[in-house]
Amino acid sequence: MKLTICHLYPDLMNTYGDRGNIITLHRRAAWRGIEVEVVPVSVGESPDFGTFDLVFFGGGQDKEQRIVCQDLVATKKGPLVDAIEDGLVVLAVCGGYQLLGEYYRTRAGEELPGIGALDIRTEAGNERFIGNVVIEPHLSLGGVRTMVGFENHSGRTYLGNGVRPLGRVIVGHGNNGRDGSEGCVYKNVFGTYLHGPLLPKNPHFADYLIHKALDRKHGEVELPPLDDGLELRAHRAAIARAKRT
Ligand code: GLN
Numbered sequence: 001m002k003l004t005i006c007h008l009y010p011d012l013m014n015t016y017g018d019r020g021n022i023i024t025l026h027r028r029a030a031w032r033g034i035e036v037e038v039v040p041v042s043v044g045e046s047p048d049f050g051t052f053d054l055v056f057f058g059g060g061q062d063k064e065q066r067i068v069c070q071d072l073v074a075t076k077k078g079p080l081v082d083a084i085e086d087g088l089v090v091l092a093v094c095g096g097y098q099l100l101g102e103y104y105r106t107r108a109g110e111e112l113p114g115i116g117a118l119d120i121r122t123e124a125g126n127e128r129f130i131g132n133v134v135i136e137p138h139l140s141l142g143g144v145r146t147m148v149g150f151e152n153h154s155g156r157t158y159l160g161n162g163v164r165p166l167g168r169v170i171v172g173h174g175n176n177g178r179d180g181s182e183g184c185v186y187k188n189v190f191g192t193y194l195h196g197p198l199l200p201k202n203p204h205f206a207d208y209l210i211h212k213a214l215d216r217k218h219g220e221v222e223l224p225p226l227d228d229g230l231e232l233r234a235h236r237a238a239i240a241r242a243k244r245t
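According to the numbering used here, the sequence shown is numbered sequentially starting from 1.
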C-alpha cells in the first residue's frame with residue numbers, strides 16, 4: 001500500500017513548523033509498513049491532483065500569500081477544485097486555509113483571491129489572535145475529544161452555509177473570535193488555524209487523515225494502533241498550558 005502526499009508550496013507556506021505535519025503523516029504511515037511519497041509542488045507547477053491521496057497546505061504571511069494566490073489561480077485552481085469535489089483529502093492551515101476560500105482581505109484593504117473551493121471569507125482585523133488553542137472537534141476521532149494547537153492570525157474567517165466548523169473553541173479565538181467556531185470541513189477538506197505543528201500533538205487527527213486518504217483509494221483499511229503515549233502526554237501538556245494562559 002502506498003500513500004502519496006502533495007506538499008503545496010513548502011518553500012513559501014511553512015510557519016510555526018507546519019512541515020512537522022508532513023513528517024508526522026509520513027512517519028505514522030511508514031510505521032505501519034505503508035510506502036510514502038511526498039511530492040513538493042510550488043510556483044508554476046500544474047500537477048495532476050488526481051494522483052495524490054492527501055494534500056497539505058501550510059500557513060504564511062500576507063507577503064507569501066500574495067505570491068501564492070496569484071499562482072494558485074493561474075496554474076492550479078481548476079484541477080485542485082475538481083479533485084476536492086471528487087473527495088481528495090486536504091489539510092490546510094491558516095494562510096493555506098484562507099486561500100482555499102473565496103478571498104482574504106488584508107488590513108490595507110487588498111483582496112487576495114482564493115480558489116473558492118470552500119464557502120468561507122476572511123478579512124483582517126485590527127488585532128492579531130495569538131496563543132494556544134484547544135478545540136472540541138465535531139469529528140469522530142476515537143477516545144480523544146480535543147485538538148490542540150497554536151494560532152497567530154489577523155484574519156477573521158466567516159463560514160458560509162456550504163461548510164461546517166471543524167470544531168468548537170474551548171480556549172483561544174478560532175475562526176473569528178466571535179462565534180466560537182474553529183476551522184471548517186467540506187467533503188474531505190479540513191481547514192484550521194491550528195499551527196504548532198498540529199499533527200504531532202494530535203496523533204488521533206493524523207490517523208484520521210491517513211485513514212480517510214487510504215480508505216478512499218483501497219476501500220476498508222485497518223490502521224494498526226501505535227504507541228501514542230508520548231504524543232498524548234504532549235497533547236495533555238498543551239491543554240494544561242493553554243488553560244493557564
Ligand atoms: N496572513 C494571514 C493572517 O494573519 C495568515 C497568517 C498565518 O498563516 N499564520 O491572517
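Glycine included, each C-beta is placed from N, C-alpha and C at the ideal position. These figures come from a predicted structure and were not determined experimentally.
Cβ-heavy atom distance, residue i to ligand 1, below 8 Å
| i | result |
| --- | --- |
| Asn152 | yes |
| Ala92 | no |
| Gly59 | yes |
| Tyr334 | Missing from the structure shown is residue 334; the chain here goes from 1 to 245 and no further. |
| His7 | no |
| Ala234 | no |
| Gly174 | no |
| Asp62 | yes |
| Thr192 | no |
| Arg121 | no |
| Gln98 | yes |
Backbone CA spacing between residue i and residue j [nearest angstrom]
| i | j | result |
| --- | --- | --- |
| Gly143 | Asn202 | 12 Å |
| Asp239 | Val134 | Checking the displayed sequence, the identity of residue 239 turns out to be Ile instead of Asp. When rounded, the distance between both Cα atoms is 6 Å. |
| His26 | Val38 | 8 Å |
| Leu141 | Gly58 | 22 Å |
| Gly219 | Arg32 | 17 Å |
| Ala29 | His204 | 13 Å |
| Val68 | Pro40 | 14 Å |
| Leu8 | Ser42 | 6 Å |
| Lys77 | Glu123 | 21 Å |
| Val93 | Met1 | 27 Å |
| Asn176 | Tyr208 | 25 Å |
| Phe49 | Leu230 | 34 Å |
| Val171 | Tyr193 | 13 Å |
Own chain, CB closer than 8 Å to residue i, minus 5 neighbours either side, in chain order
| i | result |
| --- | --- |
| Gly180 | Arg168, Val169, Gly174 |
| Gln61 | Thr15, Gly95 |
| Glu182 | Val133, Ile135, Pro165, Leu166, Gly167, Arg168, Val169, Gly172, Gly174, Asn175, Thr192, Tyr193, Leu194 |
Residue burial classification, residue i (beta-carbon count within 10 angstroms, cutoff 16)
| i | result |
| --- | --- |
| Glu85 | exposed |
| Met13 | buried |
| Met147 | buried |
| Pro225 | exposed |
| Arg233 | exposed |
| Arg156 | buried |
| Ala83 | buried |
| Ala242 | buried |
Contacting residues, own chain, Cβ-Cβ under 7 Å from residue i (five flanking each side not counted)
| i | result |
| --- | --- |
| Thr245 | Gly131, Asn132 |
| Cys184 | Leu118, Ile120, Leu159, Val163, Arg164, Pro165, Leu166, Gly191 |
| Ile23 | none |
| Ser154 | Arg107, Ala124, Gly125, Arg128 |
| Leu223 | Arg32, Asp207, Ile210, His211 |
Own chain, CB closer than 6 Å to residue i, minus 5 neighbours either side, in chain order
| i | result |
| --- | --- |
| Gly20 | Pro197, Pro200 |
| Pro10 | Pro40 |
Check your understanding: Do the region 115 to 127 and the region 86 to 103 meet, that is, are 3 or more Cβ pairs less than 8 Å apart?
Key -> yes
Review point. When the Cβ atoms of the region 160 to 167 are set against those of the region 56 to 76, are three or more pairs found closer than 8 Å?
Key: no
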